[in-house]
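Below is one structure, written out as structure tokens; the observations come after it.
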Amino acid sequence: MPSQIAPTLVLLTISNIFMTTAWYWHLKGGPAAAASRPLFWVILTSWGIALVEYCFAVPANRIGFAHGWTPGQLKVVQEALALTVFGVFMVTVLGEALNWRHFAAFACIMAGVGFLFVGK
Numbered sequence: 059m060p061s062q063i064a065p066t067l068v069l070l071t072i073s074n075i076f077m078t079t080a081w082y083w084h085l086k087g088g089p090a091a092a093a094s095r096p097l098f099w100v101i102l103t104s105w106g107i108a109l110v111e112y113c114f115a116v117p118a119n120r121i122g123f124a125h126g127w128t129p130g131q132l133k134v135v136q137e138a139l140a141l142t143v144f145g146v147f148m149v150t151v152l153g154e155a156l157n158w159r160h161f162a163a164f165a166c167i168m169a170g171v172g173f174l175f176v177g178k
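If you count the sequence shown from 1, you need to add 58 to reach the working numbering.
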């Protein structure tokens, strides 16, 4: 991996860990536990976590763009990382099992990444 790609991928991965947490942390424990958390506090907490996410996502996109990645390439890489991070979060934090549909969706996203990088 060329050295200019690594910082973008690392920062986007960290950013996705924070964003996945911001979007889904409050669902841990099932529907009853999620419903017991006041929505106002869930929103404020999630915004705080998302603020940290932006501190990684914005530099990642600027670095990637400065090294020749198009906005479309940055977006599909971000989506591929988001799906990967969510898969790990879904299994380890939310306790959901993976099945063939998750792998098929991941393959489709990765194909999209490949299409935007072909010939670049």
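Positions of the beta carbon are idealized from the N, C-alpha and C atoms, including for glycine.
- Where W105 is concerned, the enclosing alpha helix (DSSP H) starts and stops at L97 to A124.
- Taking a cut-off of 8 Å for Cβ pairs, the segment 121-129 and the segment 65-80 touch, as three or more such pairs fall below it.
- In the structure shown, the three-state DSSP call for G130 is helix.
- H160 and V100 have their alpha carbons spaced roughly 27 Å apart.
- Non-local beta-carbon contacts of A115 in its own chain, meaning distances under 6 Å to residues more than five positions away in sequence, involve S73 in chain order.
- Only residues of its own chain outside the window of five on either side were considered, and among them I107 have a CB closer than 6 Å to the CB of T79, listed in chain order.
- Note that the C-beta distance between V171 and E137 is below 9 Å.
- When the Cα atoms are used, P129 and V135 turn out to be separated by approximately 10 Å.
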